[in-house]
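In UniProt numbering, the protein residues as written are 1 to 357.
Structure below.
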């Protein structure tokens, strides 16, 4: 419903739009009219993702007439998950949790400007949503930073598709790509084609190292590996990808928390999540009715295992237990649950006719 970050509503009429300019110039940019590059540029409001993490002057909604900056932080990352199956659905564990903070800017744009964190007891949380996107990342140790350069220790696909895979190295022959940057070596692996013509792995995530000409890099991992918007695999997520917040005590004060308790992944590999928060009722100063993505952050890495390789689940974290006390529906485990390995005697007993007694 909210996948395009917009509502199916009509834009506000021009008479209802505030005849003001935003206090912050970063909320607007000077552009030339179409086909009139010689004319003076006009101040035009920025939209959507262009406002992430910046102070936003809201012209309608619960923050109308106020300048607010928001920031997100992952306070609990998932460590692992089991590949989604219809008959055995296991969400990521522990459940990913993010913390939203809001700061109101007083006297914006002046020498007396002050930023103060808002009191969350007074914040209307109805309308606040957080969503996630899924990005594949290289297996730990497969990419290292050496002299400000990325040096892969694993191999990948043909010259046009440098990829790193979380699964064991394939048995296909190793080939050297003479034209690839940094002398990367490549494995030829099975790929499937999408409707758009792009090539994606058919049964595991894979990580494609973008070329130097790539312009859609949105994030860098701690080892320097770049993440591109085009590598997003959100379609592989199953479950609630949009969640509403819970206001609870966290670190001694009321806080706005988003919990992704029902999230699974349909493919194996190593991944990170991108979180984005916005208010469906709030509108920034703009010439359109677009929503403003107010804050985003990238989470820590986790691995999705096959059913056979899944190692089991750890005991629930203290934060998970605390969230359940605040009414969040979660599965709580007091002790660790390891995967039980079947032995030869188990197989014999399972096939014995005495088991029917």
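Ideal Cβ placement from N, Cα and C applies to all residues, glycine included. All figures in this text were calculated on a predicted structure; none of them were measured in a lab.
Relative to the C-alpha of residue i, which candidate in the options has its C-alpha closest?
i	options	result
residue 108	69, 85, 129, 94	69
residue 135	315, 286, 295, 273	273
residue 323	226, 58, 96, 90	96
residue 305	317, 328, 85	85
residue 211	100, 116, 227	227
residue 308	82, 271, 331, 289	82
residue 251	99, 52, 49	99
residue 239	257, 265, 127	265
residue 291	263, 257, 219, 128	128
residue 300	51, 263, 67, 80	80
residue 333	321, 88, 51	321
residue 360	310, 67, 275, 280	Outside the displayed span of the chain (1 to 357) sits residue 360, for which this structure offers no information.
residue 325	276, 286, 247, 280	247
residue 271	206, 49, 54	206
Between residue i and residue j, is the Cβ-Cβ spacing less than 8 angstroms?
i	j	result
residue 93	residue 234	no
residue 278	residue 267	no
residue 91	residue 261	yes
residue 125	residue 245	yes
residue 319	residue 76	yes
residue 62	residue 295	no
residue 102	residue 115	no
residue 74	residue 297	yes
residue 72	residue 275	yes
Roughly how many whole angstroms lie between the Cα atoms of residue i and residue j?
i	j	result
residue 303	residue 58	39 angstroms
residue 138	residue 225	8 angstroms
residue 315	residue 120	31 angstroms
residue 216	residue 209	12 angstroms
residue 131	residue 65	26 angstroms
residue 288	residue 214	30 angstroms
residue 330	residue 105	36 angstroms
residue 218	residue 242	21 angstroms
residue 89	residue 111	55 angstroms
residue 257	residue 87	31 angstroms
residue 122	residue 60	17 angstroms
residue 255	residue 280	20 angstroms
residue 223	residue 328	35 angstroms
residue 229	residue 220	12 angstroms
residue 49	residue 67	17 angstroms
residue 263	residue 317	17 angstroms
residue 53	residue 253	22 angstroms
What do you get for residue i, buried or exposed, if any count of 16 or more other CB atoms within 10 angstroms of its CB means buried?
i	result
residue 231	buried
residue 259	buried
residue 249	exposed
residue 142	buried
residue 78	buried
residue 140	exposed
residue 286	buried
State the DSSP-derived secondary structure class of residue i, mapped to helix, strand or coil.
i	result
residue 305	strand
residue 76	strand
residue 142	coil
residue 110	coil
residue 241	coil
residue 120	helix
residue 313	strand
residue 283	strand
residue 261	coil
residue 134	strand
residue 221	coil
residue 163	Here residue 163 scores only 36 on pLDDT, less than 50, and its place in the model should not be relied on; the value that follows carries that caveat. Looking at residue 163 - three-state DSSP - the assignment turns out to be strand.
residue 230	helix
residue 288	coil
residue 51	helix
residue 128	strand
residue 321	helix
The ligand ZN and residue i: does any heavy atom of the ligand fall closer than 7 angstroms to the residue's C-beta?
i	result
residue 288	For the structure depicted, the ligand ZN is absent and the ligand set is empty, with no information on it obtainable.
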